[in-house]
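Asker:
Chains as they are written, first to last, in our numbering: chain C, 305 to 732; chain A, 305 to 732.
#1: Just by C-beta distance, which residues in the stretch 451 to 469 of chain C are closer than 7 Å to chain A?
#2: Apart from the five residues on each side of it in sequence, which residues of its chain come closer than 6 Å, Cβ to Cβ, to residue 639(C)?
#3: Relative to the C-alpha of residue 474(C), which residue among 566(C), 502(C), 439(C) is closest?
#4: Could you tell me the distance, in whole angstroms, from the CA atom of residue 408(A) to the CA atom of residue 401(A)?
#5: Taking only three categories from DSSP, how would you classify residue 320(A)?
#6: Between the stretch 311 to 328 of chain A and the stretch 716 to 726 of chain C, are three or more C-beta pairs nearer than 8 Å?
#7: For the stretch 350 to 431 of chain C, which segments carrying the beta strand (DSSP E) assignment without a break, of at least 3 residues, lie completely within its bounds, in sequence order?
#8: In this structure, how does DSSP classify residue 509(A) when only helix, strand and coil are distinguished?
#9: Rounded to whole angstroms, what is the Cα-Cα separation between residue 672(A) and residue 552(C)?
#10: Using the beta-carbon of each residue, which ones in chain A are nearer than 8 Å to residue 545(C)?
#11: State whether the stretch 594 to 602 of chain C contacts the stretch 657 to 664 of chain C, with contact taken as three or more CB pairs (one from each stretch) at a distance under 8 Å.
#12: For residue 419(C), which of 653(C), 332(C), 550(C), 662(C) has the nearest alpha-carbon?
#13: Which parts of the stretch 620 to 651 of chain C are runs of the alpha helix (DSSP H), unbroken and 4 residues or longer, counting only runs that do not cross its ends?
#14: With a cut-off of 8 Å, do at least 3 Cβ pairs link the stretch 636 to 652 of chain A to the stretch 513 to 530 of chain A?
#15: What are the start and end residues of the beta strand (DSSP E) that includes residue 613(C)?
#16: Applying the criterion that 16 or more other CB atoms from any shown protein chain within 10 Å of the CB defines a buried residue, is residue 587(C) buried or exposed?
#17: Which residues, in order along the stretch 433 to 446 of chain C, keep a beta-carbon less than 7 Å from a beta-carbon of chain A?
#18: Using the beta-carbon of each residue, which ones in chain A are nearer than 7 Å to residue 653(C)?
#19: Report the three-state DSSP secondary structure of residue 537(A) (helix, strand or coil).
#20: Residue 695(C) to residue 538(C), Cα distance in whole Å?
#21: Using a beta-carbon distance cut-off of less than 9 Å, what residues from the stretch 582 to 604 of chain A approach chain C?
#22: Taking a cut of 7 Å between CB atoms, which residues from the stretch 702 to 716 of chain A lie near chain C?
#23: Please classify residue 545(A): does DSSP put it in a helix, a strand, or coil?
#24: Using a beta-carbon distance cut-off of less than 7 Å, what residues from the stretch 478 to 506 of chain C approach chain A?
#25: Under 8 Å between C-beta atoms, does residue 429(C) make it to chain A?
#26: Compare the C-alpha of residue 406(C) against each of 571(C), 446(C), 396(C) and name the closest.
#27: Against residue 475(A), what residues of chain C qualify as contacts under a CB-to-CB distance less than 7 Å, listed in chain order?
#28: Tell me whether the beta-carbon of residue 382(A) lies closer than 8 Å to the beta-carbon of residue 512(A).
#29: Considering only DSSP beta bridges, list what residue 308(C) is partnered with.
#30: Starting from the beta carbon of residue 550(C), find every residue of chain A whose beta carbon is closer than 8 Å, and list them in chain order.
#31: How many angstroms separate the CA atom of residue 326(C) from the CA atom of residue 440(A)?
#32: Which whole-angstrom value is the C-beta distance of residue 291(C) and residue 719(C), which I expect to be below 8 Å?
#33: One question on the structure: do residue 572(C) and residue 387(C) come within less than 8 Å of each other, judged by their Cβ atoms?
#34: Where does the unbroken alpha helix (DSSP H) through residue 332(A) begin, and where does it stop?
#35: Only counting the same chain, and skipping five residues up and downstream in sequence, which positions put a Cβ closer than 7 Å to that of residue 427(A)?
#36: With 8 Å as the threshold, decide whether the Cβ of residue 656(A) is near any Cβ in chain C.
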């Protein structure tokens, strides 16, 4: 396997080996917001690379992309622009690079501990799907024990529009929302702090090139419009959700905050981890033709492990390490990213560069692989035990949730996503 | 009543008398996008006014607002900035203005027929409410005859996130969407052009100053955050909606296009038309305290007449005038704009300048005042007759829908909203 002259990229533990090269937006005490590339324990200043002439003579559009404060312009240039950029990054960072090139590039590296990360893109619209059959079934069982899955589920990649303004970066504190809730036996609802606060473990993907309003995107072209992936925590107030969601879906139960990880792992980096789409059983209906293709069935999935870790305030005070609550995999999603995207644009809805689509809670078949507390504790009926003796039905103030994601296989470096962290602070 | 030296502003028929002065974004063959003010049959170039020194010596922030390509910066400056600007506009345009001022201002007027209008703001997030009790009841009856209104309705201003990217300006053609639909007796859904295409008559309002993530907006401060209103047509594909909307709400049934009118009628212009909020009956539950205030009850409503007109292709060919399908009033909404806004931010969700909130379909108690065909034809069961002999259950290709809105009362000039037009073109 190719290695890098940046030694921390080769330790077998890093999320960011030479084969990953995810993109993000960083600043330092001296540099304003700009595109960076993660490599081991460092961030490479892409704008600096361009300004030092290390990226050749890019087109005017790419010059604008390389010097921008967000990834939107680079995203709009599409994967055809991302691929040669990736190749050039590899040339500059691989162990075999000439020593004068290493010297030049080395001056443009910043220690990860000294940079501040920012949202990778101006997110115009944010859409959240519901692509895990296990999640939909588990949640459905809590509400409709005899009929957990609605009739449309295996035909329609169900999704809804989320809130773009309240998407925050990993590390931001999340204030417990207030809202209307109504106990089943109460006559009236009350307004106050949510008591059933939850996380949702999700994978998100950013749109690269968009589509014109009124034109769809065929399933076999869908991935041309996906720039890369990040981790998403779709914080959810279950008590607010239960009372408000009929008939128009979740609203204030979700839009108080959504946390994403800072690094966008490109589709190119994920190529070695593509797997068949979720296998349909003989009882499952035929996928409608606009969502179906041999290519999608054969390699539309992504073998991406996703984990949830929790650290309570008391655990931190007692110097206890975070505890892993669950471990799932994006390959367990019933719908692939391509299917979600093609469905989204199938009515002519225009997607724009930098738009974020998320998978919905990623849950697997076992209790150890469910992506939210609602499922794990069966709406609080079966609390979980934390190291140090605490119990959790839902999140308490001071709880920190850490999402991690990585692709791993024998003989290939780990392609990691970094972390997506958020700590709950008390309601106003 | 004060009149203007722009004579077409005084004819009693115009939407844009001196008392209105709505703001929008226009361009001409020679001028790029900029803020304009509608007066009679003309548009006044606000940027030009600033550049000619007619707006005094504004702050740096206001200079940026006046020379911007959208209204967002002016909106962010809040109503405290909009009020003196309005006063100055009146000074410049009133009949009593000095003749040299009229000469200067006159050079900055453009005939409405020679300008191109654009979206008034970069709309970050678009939220659609469901604030008409009549609409919710009528639609509920079609689905649940015995229990039309859900238990949360009179407590929660129900809303959901719509799509910002597909908001288009009045005049844009609207392509009939394709999507999954399933006939009640069919075994499987099919993918194809929607056959139950509908309009929804709504009032929209733009956010002025925003709020920080994590902080709410008290009900008596809510209107400080509302810049002004426009007309909204929330096009809806009823067959797609029926199949997709459980459990997360409408998605592709709505996000293929939303049409808005170009002029933003400010809250200042609407002041003379403020009315009490929708009167609660003795059986209605007490409004929760965070949504309740004496001020809101006494004058939280707006006496705004809203009309839907239709012109079919055949009607146009036969030189028949558009026909009015319905006439409703925003005062019939169960929830006021202030209540919708305060509810939206009550969980800490951050609203940003230029965000658009819409009321949901405005329907009144009579069949003549319902704001969509779903209600008017009872889901197609009772088609309506058009001039020339056609029938309509839902919209046909070539149908043009024109929304109009105005505030009117004895002894005061009509405050109009202009038009919100869209014509259906065939599916791909």
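Glycine included, C-beta positions come from ideal geometry on N, C-alpha and C. Nothing here was measured: the structure is a model prediction, and the numbers come from that model.
Answerer: Let me lay it out:
#1: 454, 456, 459, 460, 462, 463, 464, 465, 466, 467, 468, 469
#2: As a working note, residue 639(C) is residue 335 in the first chain. So the qualifying residues of the chain are 435, 461.
#3: Reading the first chain from its first residue, position 170 is the one you call residue 474(C). The shortest Cα separation from residue 474(C) among 566(C), 502(C), 439(C) belongs to 566(C).
#4: Residue 408(A) sits at position 104 when you count from the first residue of the second chain. Residue 401(A) sits at position 97 when you count from the first residue of the second chain. For residue 408(A) and residue 401(A), the distance between alpha carbons rounds to 11 Å.
#5: Counting from one through the second chain, the residue named residue 320(A) turns up at place 16. Coil at residue 320(A), not helix or strand.
#6: no
#7: 413 to 415, 420 to 422
#8: Your numbering for residue 509(A) matches position 205 in the second chain. Correct three-state label for residue 509(A): strand.
#9: By 1-based counting over the second chain, the position of residue 672(A) is 368. By 1-based counting over the first chain, the position of residue 552(C) is 248. In a straight line, the C-alpha of residue 672(A) is about 26 Å away from that of residue 552(C).
#10: Numbered from 1 along the first chain, position 241 holds the residue referred to as residue 545(C). Residues of chain A passing the Cβ test: none, with the nearest at roughly 11 Å.
#11: no
#12: The residue given as residue 419(C) occupies position 115 in the first chain. Nearest option by C-alpha distance: 332(C).
#13: 641 to 649
#14: yes
#15: What you label residue 613(C) is simply residue 309 of the first chain in a count that begins at 1. Segment 609 to 615, the beta strand (DSSP E) holding residue 613(C).
#16: Reading the first chain from its first residue, position 283 is the one you call residue 587(C). Flag for residue 587(C) reads exposed.
#17: 434
#18: Numbered from 1 along the first chain, position 349 holds the residue referred to as residue 653(C). Correct list: 467, 470, 556, 559, 560.
#19: As a working note, residue 537(A) is residue 233 in the second chain. Note: residue 537(A) maps to strand in three-state DSSP.
#20: On the first chain, position 391 is the one that residue 695(C) refers to. On the first chain, position 234 is the one that residue 538(C) refers to. Taking the straight line from one Cα to the other gives about 22 Å.
#21: 589, 590, 592, 593, 594, 595
#22: none
#23: Here residue 545(A) refers to the residue found at position 241 when the second chain is read from its first residue. Residue state, collapsed to three classes: helix.
#24: 479, 481, 482, 483, 484, 492, 493, 495
#25: Position 125 of the first chain holds residue 429(C). Yes, contact with chain A.
#26: By 1-based counting over the first chain, the position of residue 406(C) is 102. Per the Cα distances, 396(C).
#27: As a position in the second chain, residue 475(A) is number 171, starting the count at 1. Ordered by position in chain C, no residue passes the 7 Å Cβ test against residue 475(A), which lies about 14 Å from the chain.
#28: Position 78 of the second chain, counted from the first residue, corresponds to residue 382(A). Position 208 of the second chain, counted from the first residue, corresponds to residue 512(A). For residue 382(A) and residue 512(A), yes; Cβs fall inside 8 Å.
#29: As a working note, residue 308(C) is residue 4 in the first chain. Beta-bridge pairing links residue 308(C) to 398(C).
#30: Locating residue 550(C) in the first chain gives position 246, where the first residue counts as 1. In chain order: 454, 456.
#31: Here the question's residue 326(C) lines up with position 22 in the first chain. Here the question's residue 440(A) lines up with position 136 in the second chain. Their Cα atoms are separated by approximately 47 Å.
#32: Only positions 305 to 732 of chain C appear in the structure, and residue 291(C) is not among them; the question remains open.
#33: Numbered from its first residue, the first chain carries residue 572(C) at position 268. Numbered from its first residue, the first chain carries residue 387(C) at position 83. Against a cut-off of 8 Å, the Cβ pair of residue 387(C) and residue 572(C) comes out as a contact.
#34: Here residue 332(A) is taken as the residue at index 28 of the second chain, counted from 1. Segment: none, residue 332(A) is in no alpha helix (DSSP H) and carries neither H nor E.
#35: By one-based count along the second chain, residue 427(A) stands at place 123. Cβ within range, chain order: 468, 471, 658, 659, 660.
#36: The sequence position of residue 656(A) within the second chain is 352, counting from 1. Answer yes: the Cβ-Cβ gap between residue 656(A) and chain C drops below 8 Å somewhere.
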